[in-house]
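This note's numbering numbers the first residue of the sequence shown as 210 and each following residue consecutively. Just so it is clear, CB atoms sit at the ideal spot from N, CA and C, and this is done for glycine as well.
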Amino acid sequence: MIAIGCDHGGIHIKNAVIGYLKENHIEYHDFGCYTEESVDYPVYAYQVASAVSKGEAELGIICCGTGIGVSMAANKVKGIRAAVVCDEFCAEMTRRHNNANVLCMGGRVIDEEKAVKLASIFLNTEFEGGRHQKRVDMITAIENGSFEG
Ligand code: RB5
């Protein structure tokens with residue numbers, strides 16, 4: 210299951226990604242927002258990130274104007290590795306190397322077609338593990354206050 214959400218700045222690309230999820234019969238939960246009325250992006254970032262953190266969703270996708278605000282908010286939730294992505298290379302690498310579990314995109318940065326492309330890459334790329342596991346574990350240690358680097 211994919212958790213997805215947005216603010217008013219990202220609703221058009223979120224709706225495009227939802228179209229992709231529907232076409233591909235990928236189960237999702239849309240946490241809103243549902244209109245272009247101005248809203249506060251941390252509310253939606255928190256809901257999507259919490260669903261991923263609790264294991265209710267495997268991965269999350271959150272869209273705002275830039276992708277930055279939602280990534281900052283999502284990364285405050287335990288267990289979340291949220292990445293702002295605006296090109297294909299980073300969409301792939303943040304899964305392969307960082308094991309990112311939340312994709313953040315900006316509706317004022319990329320268009321609908323690009324958002325769908327990046328979401329499809331993100332959802333279809335696996336974490337490589339190996340030497341990258343140790344580094345991801347270090348991120349977790351920072352989060353837990355046990356990092357001694
Ligand atoms: C809303 O105007 C805008 O600040 C928000 O969508 C996002 O870009 C924040 O990072």
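In the structure shown, D239 adopts extended strand secondary structure according to DSSP, grouped into three states. Remark: the C-beta of C273 is in contact range of ligand 1, defined as less than 7 angstroms to any heavy atom.
Of E337, A254, G228, D216, the smallest CA-CA separation from A292 is found for A254. In the three-state reduction of the DSSP assignment, A283 falls in the helix class.
Taken in chain order, the complete alpha helix (DSSP H) segments of 4 residues or longer contained in the stretch 301–333 are 321–332.
Here G315 really is in contact with C295; their C-beta atoms are around 7 angstroms apart, less than 8 angstroms. Considering only K285, G288, C272, C242, the residue with the shortest C-alpha distance to L327 is C272. Under the DSSP assignment, I348 falls in the alpha helix (DSSP H) whose first and last residues are 340–353.
Under DSSP, the beta-bridge partners assigned to I211 are Y237, L268. By the beta-carbon neighbour count (other beta carbons within 10 angstroms, threshold 16), F240 is buried.
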